[in-house]
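One structure is given here, and the rest of the page talks about it.
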Amino acid sequence: MKTLASEKIWMVHAERLAANKLLPVEDEGEAVSGTCQFMATLLVYGGQSGVQDILGAPFYPQLDRQLKAWRQKYRGQFAEETTQRCLDLLDPTSMYSQMRTLVQDMHEKGLSSCAMPNCSIKVNLMQCAR
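If you're matching positions, the sequence shown starts at 90 in the working numbering and goes up one per residue.
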């Protein structure tokens, strides 16, 4: 589900995370949770090429350190879970990384065919009242 405008958005976001360029907020843990959840979503939809782009980027070691620091700082909070999800998606040997294609297919199926039982429409999809 890539579009030309967002083709490399995961690189921009990953580089900002590596530099810890979060806007100052009252609850940094909540900001880390949200931005890492967004990064995980980008990694799922960016696919393996997105992961390879990030792993090969000069800022990757800093990103890895930053995610691990946040994971440690926010132990027991949602931010720990989202930072770990990003780390797992960036690890080609992890279960999350291997499940990426399954998740992509599951999400994109709803965009490419009607979800109504026994409906075979696959083009000109629009929201219907059924």
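Note that the Cβ used here is the ideal one computed from N, Cα and C, for glycine as well. Here the structure is a predicted model, which means the values were calculated and not measured.
Endpoints, alpha helix (DSSP H) assigned at Pro150: Tyr149 to Lys162
Residue burial classification, Glu169 (beta-carbon count within 10 angstroms, cutoff 16): buried
Simplified DSSP assignment, three categories, for Thr171: helix
Beta-carbon proximity of Gln166 to Gly118, cut-off 8 Å: yes
CB of Leu106 within 8 Å of CB of Met128, strictly: yes
Contact check, Leu144 vs Trp99, beta carbons under 8 Å: no
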